[in-house]
Amino acid sequence: MNPTIFNTLTRKKETLAPAVAGEPFKMYCCGPTVYGPAHIGNFRTFAVQDVLRRILEESGMKVVHVRNITDVDDKTIRSSRAEGVSLKEFTLKWERKFHEDCGKLGLLVPTVEPRATEHIAEQIAMVEELVKSGHAYATPDGSVYFKISTFPEYGELSGLDKSSLKTQNVNSAGEANSADEYERDSVSDFALWKGRKPEDGDNFWKSPWGEGRPGWHIECSAMAAKYLGKSFDLHGGGIDLCFPHHENEIAQSRCSLHVDTPARFWFHSAHLMVEGQKMSKSLGNLYTLDDLAAKGFTPMQIRFALIAGHYRQQLNFTFKGLEDAKSALSKMQKSLTALLDALKISKEDFAKFVHAGARFEGTDFEPAWNSLCDDVNVPKALGEIFSAFADKSARKTLADIEAFGGLMYALGLDVFADAHDEVIEEAPEEIRALAQERWQAKKDKNFAAADALRGKIEAAGWQVFDTKEGFNLKKI
RNA sequence: GGCGUGGUAGCCAAGUGGUAAGGCAAGGCUCUGCAAAAGCUUUAUUCGUCGGUUCGAUUCCGACCCACGCCUCCA
337 MNPTIFNTLT
347 RKKETLAPAV
357 AGEPFKMYCC
367 GPTVYGPAHI
377 GNFRTFAVQD
387 VLRRILEESG
397 MKVVHVRNIT
407 DVDDKTIRSS
417 RAEGVSLKEF
427 TLKWERKFHE
437 DCGKLGLLVP
447 TVEPRATEHI
457 AEQIAMVEEL
467 VKSGHAYATP
477 DGSVYFKIST
487 FPEYGELSGL
497 DKSSLKTQNV
507 NSAGEANSAD
517 EYERDSVSDF
527 ALWKGRKPED
537 GDNFWKSPWG
547 EGRPGWHIEC
557 SAMAAKYLGK
567 SFDLHGGGID
577 LCFPHHENEI
587 AQSRCSLHVD
597 TPARFWFHSA
607 HLMVEGQKMS
617 KSLGNLYTLD
627 DLAAKGFTPM
637 QIRFALIAGH
647 YRQQLNFTFK
657 GLEDAKSALS
667 KMQKSLTALL
677 DALKISKEDF
687 AKFVHAGARF
697 EGTDFEPAWN
707 SLCDDVNVPK
717 ALGEIFSAFA
727 DKSARKTLAD
737 IEAFGGLMYA
747 LGLDVFADAH
757 DEVIEEAPEE
767 IRALAQERWQ
777 AKKDKNFAAA
787 DALRGKIEAA
797 GWQVFDTKEG
807 FNLKKI
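Start counting the first sequence at 337; every next residue gets the next number (this note's numbering).
Shown next, in the form of C-alpha cells:
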C-alpha cells in the first residue's frame, strides 16, 4: 500500500511516490536555527517528519532526506556576539545539542544536513540569477530583494492574496512594518541578501552587491537544489513556514531554476499548544527535552506524546498527556512481552524485526499499517495496534510479530527502551534492613508490625512490594 | 478585516450517510493477610447550538455560538 499525505499545495490527499519510478524519494525538511536548545514544539515537527520518512521506507522506498542547519541569521549573530564567541563556535555548540536530542528521540539521521554558512556561494549564484532575470533588485544599502510583482503565482501555497499582502502595513502584533527601512519597492518584497550592518560584527561575506549575508529564505532553495535537484518530491516544515518561508522558496526556486515547482508535495505539521496555551517565552512553557527529563519523563514517552495526535491537528501538550503516553507505552510493552513469551521469541530476536520492508498483508496489524499510510494517521494506527493486541480470538503468529516490528520501525518506537534504561537503584543498607524486618514480621503473620514497617520505609522514600519468594524495593 | 482549522465521554483522540475505534483516568471482580503489580470487566441512546435535505446525519447543507491558527519573530 502506498502512503498518502495531505498536500498543502493542492489541498488534497495524494499518493506518495518518487517522480521517476525506481529513483529514491527526495524530501527536504526545514531544519532548526541553532541559537539555543530546541523545544518540544520544534521536535513535534521533526518527529512527524521522521515518522513520514519511516513510513516511506517501510513501504519500500529509498529516501534521501535533507534537513538544513540554519547557522546564520539575526538571532544567531546577536546571541553569539552577546556571548563574545564566534558565530561558528556558538552555532556548533547548539547544533551538537540538537543532534544529541534528536538521537534521544530516535530521529533518523538525515542523509545530508547542510549548513547555510557552507553554501554561501550557491545562495549568491541563485540571487545573481534572480537579478539577471529581472525578479530581484539591489538597493543602495547593498541588499537585494525579490520583486513579488514579477511572480504572479505568489501566494498559491498559502492561499493568501498577494494584493492584500502588498497593502499590509501592520503586522499581527499591531506593529508597523517598516516599509522604508530597506528601501523596498513594495512592503511584501523580501530580502534575498542583506547588506552588511554594524550589528553584524565580522559576520559577513563578499558578494556582487558588496559585503553582507544571505536573507532568511534563500538558503533552503539553494541547498535543496544542490542536494535534491531543481525539482524534488516533498518539502516539509511547521505550518508557520507555509507563509512566508515556503511561499518565498517557491518564488525563488521557480524564478531562478525555471522549473514548474521545486517540490511536488508540501507537508506541513500543526503547532503545539502547552497546557492549552500557545508556547511562548513569557508564559515559561517552552519546554526542552532536558526540562522534561528533569521531571522524570523519558525521550520515548515524549516521542509517543508528540506523535500520538494527528499531525495536521493542533496538539495540546500536557503533563497529563505525558503520563498517558507513559502508561500507554507500558501497556504496549506488556502486550508485546506476553506475545513474545507465548511464541518463545526473545526480545533480541524481536529487535531484528524492527526494520523497513515488513509484510503486513493478512496480519492482525494490517489495519494499523493502512492507517499510517492514510495521511500518517498515527492516532488511528495506535488504536488499531491496541485493538489487535486485545483481540484474543485471532491467534498471533510469527508473521504478526514481524508486522508489529515493522510498525515499531515506522513509528520509531522502542517499547523496551525505558525498560533498558531503567536503572534498578539499589536501596541503601538501612532500608533493606527495614524491609527484611518487615518480611520476617509478615512471615510471622504479625501484619500490624509489617504494615508499620512499610509505612516507615515509604516515609524514607522507598516502596516495598511483595513477590512470591521475597520483596522488591523501588524508589518513589 | 482577509484566509484557514477545530468543537466527539472526566481527560486525550479516531471515525462513518445506517446507528460511536483506541489510550488515560475511574468503578467492579480475580489474585493478595492487606497493598503494589498483573489479569478480567464496566463506563457516550450520544458526537457545540438551532434549522434543512434524507427512510435514516455525529457524518451532507445553512445559520449561529465558542476555541484556535496564519496574514513577513516562530517548528
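No residue lacks a Cβ here, since even glycine has one placed at the ideal position from N, Cα and C.
In this structure, does DSSP put residue 716 in helix, strand or coil? Taking the first sequence and counting its residues from 1, the one referred to as residue 716 is at position 380. It is helical.
Taking the CB atoms as reference points, tell me whether residue 394 and residue 674 lie closer together than 8 Å. The sequence position of residue 394 within the first sequence is 58, counting from 1. The sequence position of residue 674 within the first sequence is 338, counting from 1. No; because the gap between Cβ atoms is not below 8 Å, this pair is not in contact.
Using C-beta distances below 8 Å, list every residue in its chain close to residue 383, excluding the 5 sequence neighbours before and after it, in chain order. Here residue 383 corresponds to residue number 47 of the first sequence, with the count starting at 1. Here the set comprises 441, 443, 639, 642, 643, 748.
Give the range of the alpha helix (DSSP H) segment to which residue 639 is assigned. As a working note, residue 639 is residue 303 in the first sequence. 635 to 643 is the span of the alpha helix (DSSP H), which, as asked, contains residue 639.
Cα-Cα separation, residue 776 to residue 722: Working through the first sequence from its first residue, we reach residue 776 at position 440. Working through the first sequence from its first residue, we reach residue 722 at position 386. Those two C-alpha atoms are separated by around 42 Å.
Can you have a look at residue 732 and say buried or exposed, based on whether 16 or more other CB atoms are within 10 angstroms of its CB? Taking the first sequence and counting its residues from 1, the one referred to as residue 732 is at position 396. So residue 732 counts as buried.
Return yes when the Cβ of residue 647 is within less than 8 Å of the Cβ of residue 707, no when it is not. As a first step, residue 707 must be located in the first sequence, where it is residue number 371. As a first step, residue 647 must be located in the first sequence, where it is residue number 311. In this structure, residue 647 does not lie closer than 8 Å to residue 707 by Cβ.
In three-state DSSP terms, what is residue 783? Translated into positions along the first sequence, residue 783 becomes position 447. Of the three classes helix, strand and coil, the one that applies to residue 783 here is helix, per DSSP.
Just the Cα atoms here: how many angstroms apart are residue 348 and residue 712? By 1-based counting over the first sequence, the position of residue 348 is 12. By 1-based counting over the first sequence, the position of residue 712 is 376. Spanning the two alpha carbons is a distance of roughly 14 Å.
So the candidates are 663, 491, 659, 616; which of them puts its Cα closest to the Cα of residue 582? Within the first sequence, the letter at position 246 stands for residue 582. It is 491 whose Cα lies nearest to the Cα of residue 582.
Opening and closing residue of the beta strand (DSSP E) in which residue 348 lies: Stepping through the first sequence from its first residue, residue 348 is reached at position 12. Taken as a continuous stretch (DSSP letters only), the beta strand (DSSP E) holding residue 348 covers 348 to 351.
May I ask which residues mark the beginning and end of the alpha helix (DSSP H) holding residue 389? For the purposes of this step, residue 389 is identified with residue 53 of the first sequence, where counting begins at 1. Looking at the DSSP string, the run of the alpha helix (DSSP H) that includes residue 389 is 376 to 394.
Please state whether the Cβ-Cβ distance between residue 556 and residue 366 is less than 8 Å. Indexing the first sequence from 1 puts residue 556 at position 220. Indexing the first sequence from 1 puts residue 366 at position 30. For residue 556 and residue 366, yes; Cβs fall inside 8 Å.
Assuming residue 361 contacts residue 387 (C-beta within less than 8 Å), just tell me the rounded distance between them. Locating residue 361 in the first sequence gives position 25, where the first residue counts as 1. Locating residue 387 in the first sequence gives position 51, where the first residue counts as 1. Actually they do not touch by this definition, with Cβ atoms about 14 Å apart.
Given this structure, state the Cα-to-Cα distance separating residue 471 from residue 530, to the nearest angstrom. Start at 1 with the first residue of the first sequence, and residue 471 comes out as number 135. Start at 1 with the first residue of the first sequence, and residue 530 comes out as number 194. Going by the C-alpha atoms only, they are around 16 Å apart.
Less than 8 Å between C-beta atoms, sequence neighbours within five positions excluded: which residues of the same chain meet that for residue 306? Outside the shown range of the chain, which is 337 to 812, sits residue 306, and nothing can be said about it.
So, with DSSP's three-state summary, where would you put residue 752? Counted from its first residue, the first sequence places residue 752 at position 416. If DSSP states are grouped into helix, strand and coil, residue 752 belongs with coil.
Give a yes or no on whether the C-beta atoms belonging to residue 720 and residue 704 are separated by under 8 Å. Along the first sequence, read from residue 1 onward, the residue named residue 720 stands at position 384. Along the first sequence, read from residue 1 onward, the residue named residue 704 stands at position 368. Going by C-beta atoms, residue 720 is nearer than 8 Å to residue 704.
Excluding the 5 residues flanking residue 770 on each side, which residues of the same chain have their C-beta closer than 7 Å to its C-beta? Within the first sequence, the letter at position 434 stands for residue 770. For residue 770, where only same-chain residues beyond five positions count, the Cβ hits under 7 Å are 789, 792, 793.
Taking the continuous alpha helix (DSSP H) assigned at residue 559, which residues delimit it? To locate residue 559, count along the first sequence from 1; it is residue 223. That run of the alpha helix (DSSP H) goes 554 to 564.
Roughly how many angstroms lie between the CA atoms of residue 607 and residue 666, to the nearest whole one? Residue numbering aside, residue 607 sits at position 271 when the first sequence is read from its first letter. Residue numbering aside, residue 666 sits at position 330 when the first sequence is read from its first letter. Rounded to the nearest angstrom, the two C-alpha atoms are 27 Å apart.
Please classify residue 764 as buried or exposed, where buried requires at least 16 other C-beta atoms within 10 Å of its C-beta. Reading the first sequence from its first residue, position 428 is the one you call residue 764. Per the 10 Å Cβ criterion, exposed.
Using 8 Å as the threshold, is the region 589 to 597 in touch with the region 619 to 636, meaning 3 or more CB pairs across them? no
Between which two residues does the beta strand (DSSP E) harbouring residue 800 extend? For the purposes of this step, residue 800 is taken as residue 464 along the first sequence, with counting starting at 1. Counting along the chain, the beta strand (DSSP E) containing residue 800 begins and ends at 798 to 802.
Tell me whether residue 726 counts as near the ligand ZN, meaning its Cβ is closer than 7 Å to at least one heavy atom of that ligand. Questions concerning the ligand ZN fall outside what the structure shown contains, since it holds no ligand whatsoever.
For residue 362, report the span of its beta strand (DSSP E) as first-last. Position 26 of the first sequence, counting from 1, holds the residue named residue 362. Taken as a continuous stretch (DSSP letters only), the beta strand (DSSP E) holding residue 362 covers 361 to 365.
Between the region 412 to 421 and the region 647 to 665, can you find at least three pairs of beta-carbon atoms closer than 8 Å? no
Can you round the beta-carbon distance between residue 574 and residue 381 to whole angstroms, since I take them to be within the 8 Å contact cut? Position 238 of the first sequence holds residue 574. Position 45 of the first sequence holds residue 381. The pair is a contact, with the Cβ atoms about 5 Å apart (cut-off 8 Å).
Report yes if the CB atom of residue 408 is closer than 8 Å to the CB atom of residue 447, and no otherwise. Position 72 of the first sequence, counted from the first residue, corresponds to residue 408. Position 111 of the first sequence, counted from the first residue, corresponds to residue 447. Against a cut-off of 8 Å, the Cβ pair of residue 447 and residue 408 comes out as no contact.
To test your reading of the DSSP string, which unbroken beta strand (DSSP E) runs of 3 or more residues are found completely within the region 417 to 495? 472 to 474, 480 to 482
Does the Cβ of residue 800 have 16 or more other Cβ atoms within 10 Å, making it buried, or fewer, making it exposed? Counted from its first residue, the first sequence places residue 800 at position 464. Buried, since its Cβ has 16 or more Cβ neighbours within 10 Å.
Spatial neighbours of residue 668 in its chain, beta-carbon cut-off 6 Å, leaving aside the 5 residues before and after: Along the first sequence, read from residue 1 onward, the residue named residue 668 stands at position 332. If we look at residue 668 and ignore the five residues flanking it on each side, its Cβ neighbours are 751.
Let me check understanding here. Comparing Cα to Cα, which of 676, 534, 767 lies closest to residue 795? Residue 795 sits at position 459 when you count from the first residue of the first sequence. Considering only alpha carbons, the answer is 767.
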